[in-house]
Structures are given as C-alpha cells and as structure tokens.
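So the protein sequences, as listed, match chains A and B.
Under this note's numbering, the first residue of the first sequence is numbered 1080, with each subsequent residue one higher.
Under this note's numbering, the first residue of the second sequence is numbered 8, with each subsequent residue one higher.
The structure under discussion appears below in the form of structure tokens.
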Amino acid sequence: AQKITQTQPGMFVQEKEAVTLDCTYDTSDPSYGLFWYKQPSSGEMIFLIYQGSYDQQNATEGRYSLNFQKARKSANLVISASQLGDSAMYFCAMREGPSGFQKLVFGTGTRLLVSP
Amino acid sequence: DVKVTQSSRYLVKRTGEKVFLECVQDMDHENMFWYRQDPGLGLRLIYFSYDVKMKEKGDIPEGYSVSREKKERFSLILESASTNQTSMYLCASSLNGRGQPSTDTQYFGPGTRLTVL
Chain A
1080 AQKITQTQPG MFVQEKEAVT LDCTYDTSDP SYGLFWYKQP SSGEMIFLIY QGSYDQQNAT
1140 EGRYSLNFQK ARKSANLVIS ASQLGDSAMY FCAMREGPSG FQKLVFGTGT RLLVSP
Chain B
8 DVKVTQSSRY LVKRTGEKVF LECVQDMDHE NMFWYRQDPG LGLRLIYFSY DVKMKEKGDI
68 PEGYSVSREK KERFSLILES ASTNQTSMYL CASSLNGRGQ PSTDTQYFGP GTRLTVL
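Laid out in structure tokens, this is it:
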C-alpha cells in the first residue's frame, strides 16, 4: 500500500484565489510527521511546512496552512491568495516514528499552475 | 540558513563511465540522503547516512554506492553508468535530534540532472 497518496496530478488556480492540494497517508505508528515541499522548475526542493502527529493545532506558515485531519489520515496543503510564483510541483512527505533518525517517504506530487 | 550544494547542475556521461556526484552541507547535520527523481515516480531513496563512514541502503541502491568520509560531504558513485540511470539526483541533509529537538526536516540541494548516453 502507498504510504503517501496525492491523487491530483495537476491543479489549476487563478491568481489571488485559494487552492487546496490533497494528501492522504497510511501509518499505524502513533508518532509521525508530515511535510510539504515545493519544487519549482529550477529543481530545488523547498521545505514549506511541517505538522507533527501530536500537534494540537494545524500548522501555518505565512500563506501556507496544513489542514490536518488525523482520523481521516489527511494532511492537505492550503495556499491562500495564490501568486504566479506558486506555480510548481508540490510534494507531501511523511516521517514514520519519533524524530531523530528517520527517513521520509514522498508522494508522487501535484503540479500546480497559477494563471493571471 | 541551511545550505546544501551539489557539484554539478547538469552532467552528461557515457555508458560504462564511473560517475561521482558530490554533496556538501554547511549546517553540521548528521544525516544525509541521496534520492533520484523520475516523472510520475516521485522521489526514491538510494542511500542514506547517519554519521561519518556509516551508510544504509535505501529503496533502490542497485547500481550505486556512496562514501561519507567527512561529516559535511556525501558522495554518490555510479560504478558503471547505464542509460537507465539518466535522472535527476537530489541530495538532502537533516539534523538527527541528538541533544536538541528535531523534526527530521530534510533540506535539499539544487539537484543534478544526469544524462547517460
């Protein structure tokens, strides 16, 4: 079974609108972490936001927020007020187990295109 | 800021050549990782290292080896390059949390696009 599933291969949004990128995960470990990365066409993976499984509140970082629904095992990324520079690939990733020596498992990504 | 650098952005090699991809990080991170990225497959882990001279196989280690002689440097080696190793290679590093909080957030280099002809 896939550990991380991103069902949207591509998404379109108009500038200044909000967009939600879906991510579901599969783990039986009570301690885990969820990450979102952005990859522009230049290729570098840029860390955006992190959510720990025990965090009480949804993570936010500027225009990025993570809609964490533990019971549904989903960790959707919400980008508010989209900008042209948000056009990129977005990857969801998970760390299984307590932090410190863990690998990350990545989804296959969603390509976001922001139009003027 | 965390800085991870990779020796080349673009590389073209011939089948059978030995290829070295170098990665250097300047944040004193213990953990380092090598991934390859192919369209539709996401990132796949090749090898990782938790400490100097230590290495662990990832999900797709076949055809690759690694070297970590110094904490800041992690090298990926293709002993005899083949056309199916044409790909984007990404290096990353993270803190291992010993003595200080860590979330295992990985910080990536700019990537190396390798073409094997």
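Built from N, CA and C at the ideal position, the CB exists for glycine as well.
Go to residue i, then tell me how far its beta strand (DSSP E) extends in each direction, as first and last residue.
| i | result |
| --- | --- |
| V59(B) | No beta strand (DSSP E) contains V59(B), which DSSP labels as neither H nor E. |
| S1194(A) | T1189 to S1194 |
| L28(B) | V26 to Q32 |
| D45(B) | N38 to D45 |
| Q13(B) | V11 to Q13 |
| C98(B) | S94 to S101 |
| T119(B) | T119 to V123 |
| L48(B) | Counting along the chain, L48(B) falls outside any beta strand (DSSP E), and DSSP gives it neither H nor E. |
| K1182(A) | Careful: K1182(A) lies outside any beta strand (DSSP E) and carries neither H nor E. |
| T90(B) | Here T90(B) belongs to no beta strand (DSSP E), and DSSP marks it neither H nor E. |
| E76(B) | S72 to K77 |
| T1099(A) | V1098 to L1100 |
Are residue i and residue j closer than 8 Å when you measure CB to CB?
| i | j | result |
| --- | --- | --- |
| P94(B) | G23(B) | Correcting the residue identity first, residue 94(B) is Ser in this sequence and not Pro. In this structure, G23(B) does not lie closer than 8 Å to S94(B) by Cβ. |
| A1167(A) | L1191(A) | yes |
| L48(B) | L97(B) | no |
| F1126(A) | Y17(B) | no |
Just mark residue i as buried or exposed, buried being the case when its beta carbon has 16 or more other beta carbons within 10 Å.
| i | result |
| --- | --- |
| N38(B) | buried |
| A1150(A) | exposed |
| V1184(A) | buried |
| D66(B) | exposed |
| Q1181(A) | buried |
| A99(B) | buried |
So residue i and residue j are in contact, right, with Cβ under 8 Å, and what is the actual spacing, rounded?
| i | j | result |
| --- | --- | --- |
| T1189(A) | Q1087(A) | 5 Å |
| G1112(A) | G1131(A) | 5 Å |
| K1152(A) | D1108(A) | So it is not a contact: roughly 12 Å between Cβ atoms. |
| N1137(A) | L1100(A) | At roughly 15 Å, the Cβ-Cβ gap does not stay under 8 Å, so N1137(A) and L1100(A) are not in contact. |
| S127(B) | S74(B) | Examination of residue 127(B) is not possible in this model, given that chain B is present from 8 through 124 alone. |
| L121(B) | V26(B) | 7 Å |
| R1142(A) | I1158(A) | 6 Å |
| V11(B) | G116(B) | 4 Å |
| L52(B) | F40(B) | 6 Å |
| L1163(A) | V1193(A) | 5 Å |
- Item | Entirely enclosed beta strand (DSSP E) segments - the stretch 1107-1136 of chain A, minimum 3 residues | 1111-1118 and 1125-1131
- Which runs of the beta strand (DSSP E), 3 residues or longer, sit entirely within the stretch 1135-1172 of chain A? Runs of the beta strand (DSSP E) inside the stretch 1135-1172 of chain A: 1143-1148 and 1153-1158.
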